[in-house]
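Protein chains in written order, with the working numbering: chain A, 2 to 116; chain B, 64 to 179. From the three backbone atoms N, C-alpha and C, an ideal C-beta is built for every residue, glycine too. Fair warning: this is a prediction, and the values are worked out from it, not measured in the lab. The structure appears below as structure tokens.
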């Protein structure tokens, strides 16, 4: 079984400032890693994912994340945020070889970008 | 591009009533899922299906039932609604071959359900 911990439930940040959202996971097997974003009153959409290869993954809207196997972390970063980045962000994992492509989610981090 | 469509978007139920949340996808995905989202808890998997006629329980299946008679549709039924089922429900789908994980899961816009 896996678990995902997002260390910050809320992150206020000023426009054009950088932001980092922290994600740690626990699993007894190898996993794939994902970040999803949920804009107000909408469903989730994929920001980026790590399957293999380079540990630095670039996603949509200028976001990137770095996989650190030794620290079991997958932190999300953006160097300069916009008001439109106000949303809730979810880190998730899925087991490499598990049937069903099922995701286990963290509790989410709400980002509020202030002008 | 409709993607994953859920209905209804909002519903208020009385304790003990039953209802079905409808979900359909037009991407010819073989895998479909139902998640519920509670504040601060992330999303929890209720049921999933790897193809028509095949369903399996997720993390929180109690109080729910599903069926998958076609590739496109995956309705979620709530029997004897309870206040603990007040939540936001998301249907999702993905395409996978050989049972492998890692493929992108596409979500609907959610159904807000209140049980009073």
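* Asked: For residue 16/A, which of 84/A, 88/A and 39/A has the nearest alpha-carbon?
  -> The residue labelled residue 16/A in the question sits at position 15 within the first chain. Among 84/A, 88/A and 39/A, the Cα nearest to that of residue 16/A belongs to 84/A.
* Return no unless some Cβ of chain A is closer than 8 Å to the Cβ of residue 104/B. => As a working mapping, residue 104/B is identified with position 41 in the second chain. Yes, its Cβ sits closer than 8 Å to a Cβ of chain A.
* Relative to the alpha-carbon of residue 133/B, which residue among 175/B, 95/B and 101/B has its alpha-carbon at the smallest distance? -> Residue mapping note: residue 133/B aligns to position 70 of the second chain, counting from 1. Of 175/B, 95/B and 101/B, the residue nearest in Cα terms is 95/B.
* To do: Name the two residues that bound the continuous beta strand (DSSP E) containing residue 153/B.
  => Looking up residue 153/B in the second chain gives position 90. Residue 153/B -> beta strand (DSSP E) spans 150-157.
* Asked: Near residue 5/A, what residues of its chain come up, given a Cβ to Cβ distance below 7 Å and the 5 sequence neighbours on each side ignored?
  -> One-based indexing of the first chain puts residue 5/A at position 4. Result list for residue 5/A: 24, 26, 92, 93, 94, 105, 106 and 107, in chain order.
* To do: Measure how close the beta-carbons of residue 131/B and residue 115/B come, nearest whole angstrom, since I'm counting them as under 8 Å.
  => Counting from 1 along the second chain, the entry for residue 131/B is found at position 68. Counting from 1 along the second chain, the entry for residue 115/B is found at position 52. Their Cβ separation, rounded to whole angstroms, is 5 Å, which keeps residue 131/B and residue 115/B in contact under 8 Å.
* What are the residues of the region 38-58 of chain A that lie near chain B, defined by any Cβ-Cβ distance shorter than 8 Å? -> 42, 43, 44, 45, 46, 47, 50 and 52
* To do: Look up residue 111/A in the DSSP assignment and give the residues it is bridged to.
  => Locating residue 111/A in the first chain gives position 110, where the first residue counts as 1. Per DSSP, 11/A and 89/A.
* To do: Could you tell me how far apart the beta carbons of residue 69/B and residue 173/B are, in whole angstroms, since I believe they sit closer than 8 Å?
  => Residue 69/B sits at position 6 when you count from the first residue of the second chain. Residue 173/B sits at position 110 when you count from the first residue of the second chain. Rounded, the Cβ-Cβ distance is 7 Å, consistent with contact.
* To do: Quick one: give me the first and last residue of the beta strand (DSSP E) that residue 140/B is part of.
  => The sequence position of residue 140/B within the second chain is 77, counting from 1. Residues 139-141.
* For residue 139/B versus residue 76/B, is the C-beta distance shorter than 8 Å? -> Indexing the second chain from 1 puts residue 139/B at position 76. Indexing the second chain from 1 puts residue 76/B at position 13. No.
* Could you tell me which of 127/B, 72/B, 86/B and 117/B sits nearest to residue 143/B, measuring between CA atoms? => Taking the second chain and counting its residues from 1, the one referred to as residue 143/B is at position 80. Per the Cα distances, 127/B.
* Asked: So, is residue 105/B buried or exposed, given that buried needs 16 or more other C-beta atoms within 10 angstroms?
  -> The sequence position of residue 105/B within the second chain is 42, counting from 1. Looking at its Cβ environment, which holds 16 or more other Cβ atoms inside 10 Å, residue 105/B is buried.
* Indicate whether at least one CB of chain A lies closer than 8 Å to the CB of residue 166/B. => Position 103 of the second chain, counted from the start, is the residue given in the question as residue 166/B. Judged by the 8 Å Cβ criterion, residue 166/B is in contact with chain A.
* Asked: Which stretch, first to last residue, makes up the beta strand (DSSP E) that contains residue 25/A?
  -> Within the first chain, residue 25/A is the residue found at index 24, counting from 1. It spans 24-27 - the beta strand (DSSP E) in which residue 25/A sits, taken as one unbroken run.
* To do: Could you check the C-alpha separation between residue 35/B and residue 67/A for me, to the nearest Å?
  => The first residue shown for chain B is 64 and the last is 179, placing residue 35/B beyond what the model contains.
* Go through the region 18-77 of chain A residue by residue and report every complete run of the beta strand (DSSP E) that reaches 3 residues or more, in order. => 20-22, 24-27, 32-39, 45-51, 57-59 and 65-69
* To do: Please go through the same chain and pick out, in chain order, the residues whose beta-carbon is closer than 7 Å to the beta-carbon of residue 33/A, but skip the five residues on each side of it.
  => Locating residue 33/A in the first chain gives position 32, counting from the first residue. Same-chain partners within the cutoff: 50, 51, 52, 94, 95 and 97.
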